[in-house]
Every structure is written in C-alpha cells, then in structure tokens.
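Step one of this worksheet: look at the structure below.
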Amino acid sequence: MERSKGLMPTLETERLLLRPFEISDKEFVFDLHKDPQVMQFTGKQPMTTVLEAKLLLDEILHPEKGQYASYQLGRYAVIDKSIGKKIGSAGLNYTQSKNIIEIGYKFLKEFWGQGYATESCKALLDHGFNTRNFDSIAAHIAEENIGSQIVAERLGMQIHHRFLWEGVIPGRFYTMSKSTFQANNL
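First residue of the sequence shown: 14, per our numbering; consecutive thereafter.
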C-alpha cells in the first residue's frame, strides 16, 4: 500500500462527526478503554490508568509508528452532533502483514444499540471505497460478538472464512468489495 501525505479528513453523517484523535482526547480514550464490556472482544485488557490512554494516543499519532501520517488511516473520535459528546471510536487500519484494510469500532456502552456503529462504518466504507479507492475492506469479528456480526451483515459484508484469533478465540473474517459497496448504494 502506498503512503499518503496529509492528515485524515473529518467525516460527517446525519448524526455523527468523525474526526482524527488528538492528544487532548486521553480522558475519553481512557473512559472508552477501561470498560471490560467494551474491551471484551478486542483481545486486550481494559485500561487502568489515563497514562495508558496517553501512550496509546502517542503511538497512534506518532508519524513514524501511527497510520495517520503514513497512510491517512487510523481511528476517529466519533462525536454525536446533537449533544456534542464523544461517544466512541471507529476507523480503518492497514494491516501490513496481511496487506488488508480493516474496519473497526468501539462505543461507550450507553450508546450501544442506537445504530451508531452502522452509521459510522457506512461513512468509513464510503471514504475507503470512493475517496481512497480501496478494492476491499475487512473485519475480524469474534464468534461471540453477535452485535458486531449484525452490523457487518447490515453493511452488506460477507463471511469470507472463520479463524482462531490469537490461536484461541473463534472468529469470523468478513469482507466487502468496492463493487459490492457501490452496487448496494450504501
């Protein structure tokens, strides 16, 4: 994948604003990542300190480590425009070892089940296919994460294969092609 110059653009939907994270978001990142239920299917332990959130943001935003500067990819802070509050994160990431673009998200528990994941992922798919011209976008979803499977299927993603996450956790690998996205007029 070629590296891009510049920053990730801000994306907007009817209800949401998706903007690149900033170092000042560390308290929110901590709040999001400290909840065991939010972290349940990520393969990572919940955060226990704000310092962990700062270190994560440092890594994400670092031009030589993070994907923001290298590929114009990464996590966005998802903001509910009606209340002006950060409610989650969503983004596209390039996995170099597999040469794939992956989509993912996390939301504060109080905002689950309100269509925010689907809405933010539609904006990301549109950006990925129509602006960045990616051929396909994938999602690794734990077998027990029924909510995320429903989101993937609502988006029109198809199961490509099943896998063992870190050799232990059963999962489903979903994909969507650019042509499928455009044919479905998402």
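Note that the Cβ used here is the ideal one computed from N, Cα and C, for glycine as well.
Looking only at its chain, what residues have a beta carbon closer than 8 Å to the beta carbon of residue i, apart from the 5 residues adjacent to it on each side?
i    : result
H140 : P22, L24 and L105
R28  : D93, K94, S95, Y129 and E132
T8   : This structure does not reach residue 8, given that the chain is present from 14 up to 199, and the question cannot be answered.
I172 : R185, F186 and Y187
Should residue i go down as buried or exposed, given a rule of 16 or more other Cβ atoms within 10 Å for buried?
i    : result
P183 : exposed
H153 : buried
D38  : buried
Q162 : buried
V164 : buried
I73  : buried
K135 : buried
N180 : Checking the sequence shown, residue 180 turns out to be Gly, not Asn. Its Cβ having fewer than 16 others within 10 Å, G180 is exposed.
With distance defined between alpha-carbon atoms, name the residue in the options nearest to residue i.
i    : options                  : result
K119 : K99, Q109 and R175       : K99
R88  : F147, L31, E157 and I150 : L31
N158 : F34, T55, P33 and L45    : T55
G160 : K57, L64, Q58 and K122   : K122
A151 : M170, K67 and H75        : M170
E115 : E35, T26, T188 and A155  : T188
K67  : F34, T26 and G180        : F34
N197 : L138, G97 and W178       : L138
With a threshold of 6 Å on Cβ separation, who are the neighbours of residue i within its own chain once the five nearest residues in sequence on each side are excluded?
i    : result
F142 : K191 and F194
F176 : G184 and F186
E156 : P183 and G184
D148 : K191
Do residue j and residue i come within 9 Å of each other at the CB atom, strictly closer than that value?
i    : j    : result
A90  : F41  : yes
H174 : R185 : yes
G247 : A103 : Shown here, the chain extends from 14 to 199; a query on residue 247 therefore has no answer.
L64  : I36  : no
Less than 7 Å between C-beta atoms, sequence neighbours within five positions excluded: which residues of the same chain meet that for residue i?
i   : result
P59 : H46, K47, D48, P49 and M52
Using 8 Å as the cut-off, can you tell me whether the region 49-57 makes contact with the region 109-116, which would need three or more C-beta pairs spanning the two stretches below that distance? no
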